[in-house]
Structure formats: structure tokens, C-alpha cells
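FYI, the numbering used here numbers position 43 of the sequence shown as 190, with every residue one higher than the one before it.
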Amino acid sequence: MSLSFWNPHSVFAGFDDEFFNPMPSTLLGVPALTPFKTDTMRHSSPRYEVTENEKQFRLSVDVPGVKPEDMTIELEHDGRVLHMSGGRKVKTDKSYEEYKFDKRFTLGKDLDTSKITAHLSDGVLCLTAPKKEKLPPTKQTIAITQGEAPALMEETMDVEEKKE
């Protein structure tokens, strides 16, 4: 599968946990809620569906009543993490209730994330990405030179940095 939940607390994540998510994402298998600023703010988790074939990947997310300008979709960590957030306000008798969502997914290495598209229709957001073309495995012979290995190259500085 080309998609999984992004877990900042995974030993494989390699990210600063405190920066991304200071609270645990789950507690005994139940998603943790963020602290509410007001009693009328609600936290929701949109339902989603993943489909894929040999050529493309699609993530369909239910976001009823959410307008495109009220959502943000970003690729983070060199295109490996898809971050979706947004919300909507619903008017009740005398006030508004605010529903928010914030989801991160780890994308598979086989996706061409530079070509992701997003379409919103009838309350369903569809994100589509083509899969990278699989090249046949190659075999390369590397020549062995006798003697000491060369020293590591030093980093070069820009001309402007040298002037300072």
C-alpha cells in the first residue's frame, strides 16, 4: 500500500516529536483529542478511502460542508508526508459550532508526489498521484583500484560567504 498514518512517535520517523505533535496521537487505540479553546469547538476526523492500481493512487476524503478556501493540503518532509487540515462552522440557534480536522499520512516511495492533484466535488476531496515508472533492475560492475582511498571532499563556500 502507498499510504499509512504518519506517526511522529515512531522510532522510524526521524522527526522532532515535540515540534510536530506534543501530545500522544493515540491512547489505548483511541485517537487523542486536542485541547478545546471553547466549548463550541469540536474535533472531527474525516473518513477516507484509499484505492490504487498499477498506474495511480487515489485518496478520497469526506469533507461535507468544507470549502476549498477552508482547507490546506501540503506536502512535508521532501514529499513523504501529506498534511491535510481544515474545518467548517455550523450555525446553531444562537451560536456557531466549529469542526476541525488535521491529518497526516506517510506516502509511499513509489508515488510521483510532484504530480499530485486535488479535486473537490459533492463534499468529497479526491487526491490523485501517479506512480513512478518502475525501471527494470540493473547490474553494474564497479572497478577496484589498488591503493589508499581518496580523502573526503570539503564543502565549498559561496563567493559571498568568503567575503564576510
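All residues carry an ideal CB built from backbone N, CA and C; glycine is no exception.
Assign residue i to one of three DSSP states: helix, strand, or coil.
i      : result
Thr260 : helix
Pro277 : strand
Asp240 : coil
Glu196 : strand
Met188 : Unreliable positioning characterises Met188 in this predicted model, as indicated by a pLDDT of 45, which lies under 50. A coordinate reading is not provided.
Glu301 : coil
Glu216 : helix
Leu180 : Model confidence at Leu180 stands at a pLDDT of 41, short of 50, so the residue's coordinates are unreliable and nothing is read from them.
Val208 : strand
Ile289 : coil
Leu174 : Because the pLDDT of Leu174 is 40, which lies under 50, any placement of that residue in the model is unreliable, and the question is left without a value.
Can you check whether the CB of residue j is closer than 8 Å to the CB of residue i?
i      : j      : result
Lys278 : Asp259 : yes
Val228 : Arg251 : yes
Gly361 : Val213 : Missing from the structure shown is residue 361; the chain here goes from 148 to 311 and no further.
Pro215 : Leu282 : no
Gly255 : Pro211 : no
Give me whichever residues DSSP pairs with residue i in a beta bridge.
i      : result
Glu221 : His230
Asp269 : Paired residues: none, contrary to the question.
Gln203 : Pro277
For the beta strand (DSSP E) that residue i lies in, which residues bound it at each end?
i      : result
Leu282 : Counting along the chain, Leu282 falls outside any beta strand (DSSP E), and DSSP gives it neither H nor E.
Item checked: Segment contact, 8 Å Cβ cut-off, at least three pairs: the stretch 274-284 with the stretch 200-216 -> yes
Checklist line | At least 3 beta-carbon pairs within less than 8 Å: the stretch 279-296 vs the stretch 213-220 | finding: no
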